[in-house]
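Residue numbers (the working numbering), protein chains in the order written: chain A, 1 to 225; chain B, 226 to 459.
For glycine and all other residues, C-beta sits at the position ideal for the given N, C-alpha and C.
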């Protein structure tokens, strides 16, 4: 229970900072929208092909915007040695991990809630009734991304060129999530239900659970003063 | 000093064994074993291909063990083991991919195909190249060691998940194509082919541990130099 309370307090601090400054949220949101435009110009897809490409394009957009968010994740902590202060306080490091993951999750979900319908509008898709299933898959994938992203963001924290290093380390590890979400969304768009994609959904949930547990256990060593 | 000359001797013996096993392995796989009934002589690259990927997997397991031990006990030697194993693992994985391409071109007609096993190997290479880059980009050594250890652990835990996902991607989604390297007709293998493979594998293992011990010693020597410099205050 103490873990959840500490997580809540840390998350609230980050959200409050973000509400005052809106740095990450605004840049992520505009970058995501910009990517949709870039995709449209570069593919100029025929309407019947859009549905087949939608999952891959959407996930590319989420990966890139999510990486922007992760690169900024510990930024507020680097100013004025706030990270050292956090580490000196009697906090469970697992709470720090959960709070940072949740914070990036909140940012990404807000962006996704806007970007997915925008994609449907810009690419003239008509399958609005499938959005709840697509949101569910996206949410599960985003949890995996944020959990693993927080760990990799923390281990690259003290590296030179860390913004460049982060996707290099993170993306290969994210292959199961990328494949699973895209296959699930494809299946939903094609058949209107999860059907054959249920094993992929299980894989996604498994991924989230494994790395959430590993993150809470290992974060003591991940982040050191 | 006696200790060091003894280890030197042991290393010399190991090096000689590598040479002998390599020579016998090459002889067996190039001369004694018959050419493959369908693929002809190209198939002989298998005697290098299979052992090199198996030793690469062994390497990544050692990275995991070294990383976990380092985080647990904080001893420099465990980190050195993980680092050495990662470097040699990357080398052997890259070799595997190159050998595979050389074999794939005449057999399948392409240098590369998105088969599950090939994809998995390429992802492994990317993960551990990332591991080495992470190490080289963190100045503080203790921090680099902890960060790399964390990556060594989560990277290894991720391998089964990646394995599952790329196999499903290639089997659930696409019907199995003609290009299936996983269909080796083991039941029809000539016994001398198996012998050649076994000798090669032994040779690769010896070579692997020889390289690992050299790389490990190199790391130790770097530590010693640093310690002596500190002592002299320069």
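- Query: Considering only C-alpha positions, which residue in the set 92(A), 141(A), 161(A) and 177(A) is nearest to residue 216(A)?
  - Reply: On the first chain, position 216 is the one that residue 216(A) refers to. Nearest C-alpha to residue 216(A): 92(A).
- Message: Does the contact criterion of 3 or more C-beta pairs under 8 angstroms hold for the segment 69-76 of chain A versus the segment 177-195 of chain A?
- Response: At 8 angstroms Cβ cutoff, the stretches do not touch.
- Task: With a 10 Å radius around its C-beta and 16 neighbouring C-beta atoms as the bar for buried, classify residue 52(A) as buried or exposed.
- Result: Here residue 52(A) is taken as the residue at index 52 of the first chain, counted from 1. Taking all protein chains shown into account, residue 52(A) has fewer than 16 neighbouring C-beta atoms within 10 Å of its C-beta and is therefore exposed.
- For residue 224(A) and chain B, any beta-carbon pair shorter than 8 angstroms? Here residue 224(A) refers to the residue found at position 224 when the first chain is read from its first residue. Output row for residue 224(A): interface = yes.
- Item | Pick from 211(A), 133(A) and 120(A) that is closest to residue 176(A), judged by C-alpha positions | Numbered from its first residue, the first chain carries residue 176(A) at position 176. Nearest in C-alpha terms to residue 176(A), of all of 211(A), 133(A) and 120(A), is 211(A).
- Message: Does residue 446(B) pass the burial test, meaning 16 or more other C-beta atoms within 10 Å, or should it be called exposed?
- Response: As a working note, residue 446(B) is residue 221 in the second chain. Counting the other CB atoms within 10 Å of its CB gives residue 446(B) a total below 16, which places it among the exposed residues.
- Task: Return the residue from the list 128(A), 223(A), 33(A) and 63(A) that minimises the CA-CA distance to residue 157(A).
- Result: In the first chain, residue 157(A) corresponds to position 157, counting from 1. Nearest of 128(A), 223(A), 33(A) and 63(A) to residue 157(A), Cα basis: 223(A).
- Query: Checking contacts by CB at 8 angstroms: is residue 455(B) closer than that to chain A?
  - Reply: The count along the second chain starts at 1 and reaches residue 455(B) at position 230. With 8 angstroms as the cut-off, residue 455(B) does not count as an interface residue toward chain A.
- Neighbourhood of residue 295(B) by C-beta distance below 7 angstroms, restricted to the same chain and skipping five residues each side: One-based indexing of the second chain puts residue 295(B) at position 70. Closer than 7 angstroms at the Cβ level, and outside the excluded window around residue 295(B), lie 303, 304, 307, 370 and 374.
- Per-residue DSSP class, three states only, for residue 340(B): Position 115 of the second chain, counted from the start, is the residue given in the question as residue 340(B). Per DSSP, reduced to three states, the secondary structure at residue 340(B) is coil, with no helix or strand assignment.
- Task: Please report how far the alpha carbon of residue 383(B) lies from the alpha carbon of residue 456(B), in whole angstroms.
- Result: As a position in the second chain, residue 383(B) is number 158, starting the count at 1. As a position in the second chain, residue 456(B) is number 231, starting the count at 1. Between the C-alpha atoms of residue 383(B) and residue 456(B) there is a straight-line separation of about 43 angstroms.
- Query: Mind pulling the chain A residues with CB within less than 8 angstroms of residue 533(B)?
  - Reply: Since the displayed chain B opens at 226 and closes at 459, residue 533(B) lies outside it and no answer follows.
- Task: Tell me the start and end of each unbroken alpha helix (DSSP H) in the segment 146-209 of chain A that is at least 4 residues and wholly inside, in chain order.
- Result: Counting only runs of 4 or more, we get 162-173 and 175-191.
- Message: Quick check on DSSP: helix, strand or coil for residue 453(B)?
- Response: By 1-based counting over the second chain, the position of residue 453(B) is 228. Three-state DSSP puts residue 453(B) in a helix.
- Message: I'd like to know whether the C-beta of residue 5(A) is nearer than 8 angstroms to at least one C-beta of chain B.
- Response: Position 5 of the first chain, counting from 1, holds the residue named residue 5(A). Taking a beta-carbon distance threshold of 8 angstroms, residue 5(A) does not count as an interface residue toward chain B.
- Query: Hey, quick one: how far does the alpha helix (DSSP H) through residue 228(A) stretch, first residue to last?
  - Reply: Examination of residue 228(A) is not possible in this model, given that chain A is present from 1 through 225 alone.
- So, does the CB of residue 202(A) fall closer than 8 angstroms to a CB anywhere in chain B? Stepping through the first chain from its first residue, residue 202(A) is reached at position 202. Using beta-carbon distances, residue 202(A) does not count as an interface residue toward chain B, since no partner is under 8 angstroms.
- Within chain A, partners of residue 293(B) - CB distance below 7 angstroms: Mapped onto the second chain, residue 293(B) falls at position 68. Residue 293(B) does not reach chain A, its nearest Cβ partner there being about 10 angstroms away, counting only Cβ pairs nearer than 7 angstroms.
- Message: So, does the segment 259-275 of chain B touch the segment 333-341 of chain B, judging by three or more C-beta pairs under 8 angstroms?
- Response: Contact fails: fewer than three Cβ-Cβ distances are below 8 angstroms.
- CB contact below 8 angstroms: residue 319(B) versus chain A: Indexing the second chain from 1 puts residue 319(B) at position 94. It does not; no Cβ of chain A falls within 8 angstroms.
- Task: Show which residues of chain A have a CB atom less than 8 angstroms away from the CB atom of residue 440(B).
- Result: By one-based count along the second chain, residue 440(B) stands at place 215. Neighbours of residue 440(B) in chain A, taken as residues whose beta carbon is under 8 angstroms from its own, are absent, since the nearest beta carbon is some 22 angstroms off.
- Does residue 59(A) have its Cβ less than 8 angstroms from a Cβ in chain B? Sequence index remark: in the first chain, residue 59(A) carries index 59 (1-based). Nearest CB-CB separation between residue 59(A) and chain B: not below the 8 angstroms threshold.
- Message: As an exercise, report each continuous alpha helix (DSSP H) stretch of at least 4 residues that is fully enclosed by the segment 285-373 of chain B, in chain order.
- Response: Qualifying alpha helix (DSSP H) stretches, in chain order: 301-333 and 341-362.
- Query: Looking at residue 241(B) and residue 437(B), is the spacing between their C-beta atoms short of 8 angstroms?
  - Reply: Numbered from 1 along the second chain, position 212 holds the residue referred to as residue 437(B). Numbered from 1 along the second chain, position 16 holds the residue referred to as residue 241(B). No Cβ-Cβ contact shorter than 8 angstroms links residue 437(B) with residue 241(B).
- Message: Helix, strand or coil for residue 44(A)? Go by DSSP, reduced to three states.
- Response: Residue numbering aside, residue 44(A) sits at position 44 when the first chain is read from its first letter. Note: residue 44(A) maps to coil in three-state DSSP.
- Task: Can you grab the Cα-Cα spacing for the pair residue 367(B) / residue 379(B), in whole Å?
- Result: The residue you call residue 367(B) lines up with position 142 of the second chain. The residue you call residue 379(B) lines up with position 154 of the second chain. Distance between residue 367(B) and residue 379(B), taken at the CA atoms: about 19 angstroms.
- Which class does residue 265(B) belong to by DSSP, given the choice of helix, strand or coil? Within the second chain, the letter at position 40 stands for residue 265(B). Residue 265(B) falls in the strand class under three-state DSSP.
- Query: Are any of the Cβ atoms in chain B nearer than 8 angstroms to that of residue 207(A)?
  - Reply: Residue numbering aside, residue 207(A) sits at position 207 when the first chain is read from its first letter. At least one C-beta of chain B is nearer than 8 angstroms to the C-beta of residue 207(A).
- Residues near residue 71(A) by beta carbon distance below 7 angstroms, same chain, minus five either side: Counting from one through the first chain, the residue named residue 71(A) turns up at place 71. Answer for residue 71(A): 163 and 166, listed in chain order.
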